[in-house]
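Step one of this worksheet: look at the structure below.
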Amino acid sequence: MRMALVGSSPDPSQAEDLPGSEKIVRTLERYQAKGLTCRYFSCNVVDRQAVENLVVRIGQEIGEITGVIHGAAVNIPGYLDKVSTAAALAKISPKLKGVINLCKVFEDKPPQLFVCISSIIGCTGMQRNGWYGFSNEAMDMTLQHFGAKHSQTAVQSIVYGVWDEVGMGFEMGSVRYLAQIGIHAISKEEGVRRFLNLVQNDPGTNRVLVTGSMRTVAANAAGFDTWLPQLFPAPRGSKFMEQFGVNEPRVEEVRRAHLTLESHPYLQDHIYKGSYLFPSVFGLEAMAQAVALVAGKENFQAIRIEDIRLERGILVDREKGTTIEVRAEAIERLSKDEPRRVKASIRTEQSGFAQDHFTATFVLDIEAEAPIEHVEVPETPLDIQPQADLYGPVLFHGPLFQRLHQFYSITGDRCIYSVKRQHPDKTGEVWLLGDPYFRDGVLQGGQATIPQDLCLPVAIDSWEIYQSDRQGDSSLTGVVTFDDPDAEDYNTTILVVDESGRIVERVNGCRTRVVEHREDNPTASELANPDRRDEGLLLGRLQEISDRFDLKTPAVSIFNIPGLHQLAKGDRHQQEIPMLQKAIGKLLDKGSKPSANIQIEWLESGKPVIKGGETDKIEVSLSHDDRACLCVAGYGPQGCDMEPVKSRTDREWVALLGNARQPLMQELIDGGDSRAGTRIWTAVEALLKAQYSIKDINLAIEKWVGDMVLFRTDKPEQSAITFPVKLTRGQERLLAMVVHHLMG
Numbered sequence: 092m093r094m095a096l097v098g099s100s101p102d103p104s105q106a107e108d109l110p111g112s113e114k115i116v117r118t119l120e121r122y123q124a125k126g127l128t129c130r131y132f133s134c135n136v137v138d139r140q141a142v143e144n145l146v147v148r149i150g151q152e153i154g155e156i157t158g159v160i161h162g163a164a165v166n167i168p169g170y171l172d173k174v175s176t177a178a179a180l181a182k183i184s185p186k187l188k189g190v191i192n193l194c195k196v197f198e199d200k201p202p203q204l205f206v207c208i209s210s211i212i213g214c215t216g217m218q219r220n221g222w223y224g225f226s227n228e229a230m231d232m233t234l235q236h237f238g239a240k241h242s243q244t245a246v247q248s249i250v251y252g253v254w255d256e257v258g259m260g261f262e263m264g265s266v267r268y269l270a271q272i273g274i275h276a277i278s279k280e281e282g283v284r285r286f287l288n289l290v291q292n293d294p295g296t297n298r299v300l301v302t303g304s305m306r307t308v309a310a311n312a313a314g315f316d317t318w319l320p321q322l323f324p325a326p327r328g329s330k331f332m333e334q335f336g337v338n339e340p341r342v343e344e345v346r347r348a349h350l351t352l353e354s355h356p357y358l359q360d361h362i363y364k365g366s367y368l369f370p371s372v373f374g375l376e377a378m379a380q381a382v383a384l385v386a387g388k389e390n391f392q393a394i395r396i397e398d399i400r401l402e403r404g405i406l407v408d409r410e411k412g413t414t415i416e417v418r419a420e421a422i423e424r425l426s427k428d429e430p431r432r433v434k435a436s437i438r439t440e441q442s443g444f445a446q447d448h449f450t451a452t453f454v455l456d457i458e459a460e461a462p463i464e465h466v467e468v469p470e471t472p473l474d475i476q477p478q479a480d481l482y483g484p485v486l487f488h489g490p491l492f493q494r495l496h497q498f499y500s501i502t503g504d505r506c507i508y509s510v511k512r513q514h515p516d517k518t519g520e521v522w523l524l525g526d527p528y529f530r531d532g533v534l535q536g537g538q539a540t541i542p543q544d545l546c547l548p549v550a551i552d553s554w555e556i557y558q559s560d561r562q563g564d565s566s567l568t569g570v571v572t573f574d575d576p577d578a579e580d581y582n583t584t585i586l587v588v589d590e591s592g593r594i595v596e597r598v599n600g601c602r603t604r605v606v607e608h609r610e611d612n613p614t615a616s617e618l619a620n621p622d623r624r625d626e627g628l629l630l631g632r633l634q635e636i637s638d639r640f641d642l643k644t645p646a647v648s649i650f651n652i653p654g655l656h657q658l659a660k661g662d663r664h665q666q667e668i669p670m671l672q673k674a675i676g677k678l679l680d681k682g683s684k685p686s687a688n689i690q691i692e693w694l695e696s697g698k699p700v701i702k703g704g705e706t707d708k709i710e711v712s713l714s715h716d717d718r719a720c721l722c723v724a725g726y727g728p729q730g731c732d733m734e735p736v737k738s739r740t741d742r743e744w745v746a747l748l749g750n751a752r753q754p755l756m757q758e759l760i761d762g763g764d765s766r767a768g769t770r771i772w773t774a775v776e777a778l779l780k781a782q783y784s785i786k787d788i789n790l791a792i793e794k795w796v797g798d799m800v801l802f803r804t805d806k807p808e809q810s811a812i813t814f815p816v817k818l819t820r821g822q823e824r825l826l827a828m829v830v831h832h833l834m835g
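Basically this note's numbering = 1-based index in the sequence shown + 91.
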């Protein structure tokens with residue numbers, strides 16, 4: 092590339108001591124250091140003939156001119172009514188007459204590129220700069236006219252604000268004054284970078300403003316009231332846009348909001364170990380509101396959020412609340428074909444608003460039509476009830492966030508589930524990105540695959556959201572895939588589709604960090620198939636009972652069978668036969684395969700009995716709810732019962748247990764037993780199933796160790812042990828079994 096540098100100063104090679112010579116020499120030396128060709132030519136651009144001669148000379152000595160950059164200017168501040176006509180012409184001529192002369196000279200041989208370096212004063216005006224502002228505006232209009240006549244020429248007016256370190260404004264001492272009224276200077280590096288970007292790419296317009304931050308309110312307050320960009324109204328439901336900070340439409344937005352438990356009640360359902368955590372999905376919503384305000388968007392039918400970072404949690408003080416600062420800054424596009432991008436972040440008073448807690452880049456104007464992705468979903472869901480099985484033991488989320496509905500498949504690296512979405516009319520809340528509780532449920536789905544590791548998201552590569560017109564109540568299908576299950580941090584991909592296969596949300600590269608490991612929780616395979624784990628839990632408790640109470644406990648088996656309670660009697664018995672056979676097999680030390688001649692029948696009372704030579708002395712019993720079935724087998728009378736621990740009033744318990752057992756219940760309560768009523772009920776039921784008469788069941792506490800209570804009756808052989816157990820699925824249950832003392 093060859094460059095001709097043109098100025099009004101004499102050629103320094105001919106007049107080294109004149110003002111400006113040193114600056115010209117330094118500029119030429121910088122070109123030479125880069126291995127570039129650059130020569131200096133002296134010319135008064137106000138003189139048409141001088142410009143014509145210059146163009147001819149450059150063509151002869153360097154080569155054909157293919158590009159022109161016009162930046163000549165003079166600025167001597169003064170009030171309009173104090174400037175003579177001659178002085179006014181002298182002020183405007185370098186810019187205005189200069190560009191007019193260049194346009195005339197190149198009329199018949201237009202260059203490929205014609206750039207004018209303009210000043211923002213031409214757009215905004217400035218006190219004592221009326222003629223300078225006029226010359227810039229008129230120069231821009233002249234260039235646009237030339238471009239309209241010569242379509243083969245790319246024309247560009249680059250309208251700069253004040254520069255720092257270099258330039259006319261810096262040399263005149265304007266930088267400090269402008270900063271005081273909210274107008275900040277452009278760094279030299281940034282100004283050069285923007286220039287190169289604009290001449291190397293098509294910005295989609297022939298006039299671009301390049302400025303530092305222009306804080307509209309501060310500037311207006313200082314009397315700089317000519318910069319009046321159109322302000323966009325806040326989108327409906329902008330809960331996080333409370334306090335005004337910075338409002339530069341299409342450039343920057345800074346707002347603050349004070350979060351309290353009263354004004355943001357969802358915080359009361361997002362508590363981890365006593366700390367109120369600001370949910371990441373609400374952080375995305377807050378940033379989206381700032382993005383909408385800076386971009387002038389009323390809604391986001393489709394949006395992609397990239398490079399999400401959630402590296403610093405946001406805690407909300409229970410008493411005082413917490414103030415957050417939401418920031419959004421538009422990112423310049425390299426070309427007009429690129430989608431608009433806005434960088435957003437959240438800071439808090441906890442760090443003095445000095446550090447980003449959440450950050451993300453919002454990509455606007457993406458394709459609104461949602462892609463189709465077909466997901467094969469098993470017909471029958473697993474018997475996992477999220478409210479009972481996950482929320483609490485695995486997930487800490489309160490009722491507002493409990494949107495997981497069903498699970499269809501859980502393996503070590505993949506999970507298929509459904510999550511509920513609510514219509515905004517039902518909640519009375521308006522959210523730019525749609526239902527945030529549903530979105531949190533989308534993230535929660537992966538937790539079922541790693542139930543022993545409680546995780547929180549720390550980074551997400553991208554999150555696509557498609558908001559169709561059908562935003563009513565619905566249950567949507569989610570698929571979470573673990574990309575590297577053995578990594579220290581979990582990395583997942585999440586897909587959510589509607590009933591037609593349309594993508595509703597797609598999350599790529601979601602990295603979650605383990606905040607707590609819970610060894611007592613089930614694994615993913617145990618959550619999907621809990622029988623073996625539950626039997627292990629039960630056997631562990633029975634071994635503890637045997638050791639502590641010197642008792643002989645029955646052989647047991649336990650199965651998770653959903654809907655057993657609702658089956659017809661005959662169908663239910665068919666399901667129960669293999670369960671009883673397994674318990675008998677354990678008693679006979681044959682595992683789950685006892686002798687083939689074992690037959691099980693049911694008496695009119697509902698008690699199962701065994702028919703078969705080797706099992707005449709064995710008795711069995713069972714108890715079930717709608718999700719699990721407990722079977723016991725042993726020698727001598729057997730009885731068992733299993734009930735969920737329930738809270739009832741004293742009057743209700745008296746109605747169930749009778750007045751005669753009220754003193755026993757009070758004794759248990761006084762001893763700190765919160766399960767007293769259920770404990771007595773299960774003991775009585777177990778003894779009744781062992782064919783003891785209700786008249787003979789006069790319970791008394793024989794021994795009490797921890798959460799285990801052994802009851803005796805008036806007959807020494809009639810004893811029942813009671814203890815709680817938390818199986819893999821469902822709430823805590825109270826179990827009772829008839830037991831026999833070991834003969835010492």
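A virtual CB, placed ideally from N, CA and C, is assigned to each residue, including glycine. All of these numbers come straight from a predicted model, not from anything done at the bench.
Three-state secondary structure (DSSP) of residue i
i	result
Q497	strand
P294	coil
Q243	coil
L358	helix
A237	For clarity, residue 237 is Phe in the given sequence; the question names Ala instead. Helix, per DSSP.
F331	coil
S278	coil
Y122	helix
A827	strand
L406	strand
S559	coil
F814	strand
S226	helix
V480	Going by the sequence as given, residue 480 is Asp instead of Val. Note: D480 maps to helix in three-state DSSP.
D102	coil
D398	strand
G762	coil
For residue j and residue i, the rounded distance between their alpha carbons
i	j	result
L466	G592	The identity of residue 466 in the sequence shown is Val, whereas the question assumes Leu. Using only the alpha carbons, I get a separation of about 7 Å.
T644	L833	9 Å
E143	T118	25 Å
I668	G661	11 Å
E758	R820	31 Å
N771	C720	Before going further, note that residue 771 is Ile rather than Asn in the sequence given. Whole-angstrom Cα-Cα distance: 20 Å.
T740	R766	12 Å
I274	T215	12 Å
S133	S248	24 Å
I594	I507	15 Å
K186	H161	8 Å
N620	I541	14 Å
Residues that residue i bridges to, as DSSP identifies them
i	result
N338	E344
A419	E344, A435
F391	DSSP lists no partner for F391.
K836	Residue coverage of the chain in this structure runs from 92 to 835, which leaves residue 836 outside it and unanswerable.
W693	P699
S248	C207, R298
F650	C720
G725	E710
R93	T128
Whole-Å CB distance - residue i paired with residue j, under 8 Å assumed
i	j	result
L289	V299	6 Å
G158	L204	4 Å
E464	R438	36 Å between Cβ atoms; not a contact.
S366	L406	5 Å
H514	L642	So it is not a contact: roughly 57 Å between Cβ atoms.
K780	C731	7 Å
is_contact[residue i, chain B] using C-beta, thresh 8 Å
i	result
E333	In summary, chain B is missing from the structure at hand, where a single protein chain is found.
Just list the alpha helix (DSSP H) runs in the region 563 to 622, keeping only unbroken ones of 4 residues or longer that don't cross its boundaries, in chain order.
615 to 619
Which full runs of the beta strand (DSSP E) of 3+ residues lie inside the region 174 to 224, going along the chain?
204 to 210
Please specify which runs of the beta strand (DSSP E), each continuous and at least 3 residues long, are wholly inside the region 499 to 554, giving them in chain order.
505 to 512
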